[in-house]
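Below: the structure, in structure tokens.
Numbering (my numbering), first residue to last: 178 to 352.
Printed below as a string of structure tokens:
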């Protein structure tokens, strides 16, 4: 689900349809068809960005909902599979990796993973955590610059603050 130009755009997982709603009335405005599964959706201000559970991020024209490009996501020359929920934050794509506690920060032009956000242990002390499933939700409030994460059957929504690693570690990890 993403908000783009006054419309909420929702992907279906397996029906190959995007549903586009008016943000004020929630009336269904139109539907669009696309190939593959719909796992995650965000936008960069001009293009929609779709994940389908593979290592490929696909770019769509929002008006015609036709595919206009794609990029293969990789880290250390290996493809990163299971790209799931997406957010576009400060020129980067954030993607949670299904069945992991990690979020990849991705360069949208090259597909290179710039950094990893490790959320292991985040849920451990939350009441009801024993029934929780996978990390599966990222939301960003651009106005207050707040990042939220949650997951399937998670008993809580977490606001997280990203802290840059120490400068020496940052450069060592980037080489």
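Even glycine gets a Cβ: it sits at the ideal position worked out from N, Cα and C.
query                                                                                                                                                                                        : result
Here's a check: name, in chain order, each residue in its chain whose Cβ is nearer than 8 Å to the Cβ of residue 245, leaving out the five neighbours to either side.                        : 224, 236, 237 and 238
Looking at C-alpha atoms only, which residue of 181, 191, 209 and 216 is the closest neighbour of residue 201?                                                                               : 181
Short of 6 Å in beta carbon distance, which residues of its chain neighbour residue 336, apart from the five on each side in sequence? Order them along the chain.                           : 323 and 325
Out of 193, 301 and 186, which one is the CA nearest neighbour of residue 199?                                                                                                               : 186
Helix, strand or coil for residue 319 per DSSP?                                                                                                                                              : coil
Please work out which residues of its chain come closer than 8 Å, Cβ to Cβ, to residue 303, disregarding the five sequence neighbours upstream and downstream, and give them in chain order. : 309, 331, 332 and 333
Measuring only the C-alpha atoms, how far is residue 260 from residue 226?                                                                                                                   : 12 Å
Exposed or buried, what is residue 190 when buried is set at 16 or more other beta-carbons lying within 10 Å of its beta-carbon?                                                             : exposed
Quick one, are the C-beta atoms of residue 278 and residue 297 less than 8 Å apart?                                                                                                          : yes
Look up residue 272 in the DSSP assignment and say whether it is helix, strand or coil.                                                                                                      : strand
Can you give me the C-alpha to C-alpha distance between residue 254 and residue 203, rounded to a whole angstrom?                                                                            : 43 Å
Roughly how many angstroms lie between the CA atoms of residue 346 and residue 206, to the nearest whole one?                                                                                : Any answer about residue 346 is weak, because its pLDDT of 48 lies below 50 and its placement is not dependable; what the coordinates show is given next. Roughly 49 Å between the two C-alpha positions.
Can you find the residues in the same chain that come closer than 6 Å, C-beta to C-beta, to residue 197, ignoring five residues on each side of it along the sequence?                       : 184, 186, 206 and 207
Using only alpha-carbon positions, find the residue among 282, 299 and 301 that is nearest to residue 293.                                                                                   : 282
Name the residue from 312, 192, 320 and 266 whose alpha carbon lies nearest to the alpha carbon of residue 291.                                                                              : 266
For residue 330, report the span of its beta strand (DSSP E) as first-last.                                                                                                                  : First-last for residue 330: undefined, no H or E at that position.
Along the beta strand (DSSP E) that carries residue 198, what are the first and last residues, could you check?                                                                              : 194 to 199
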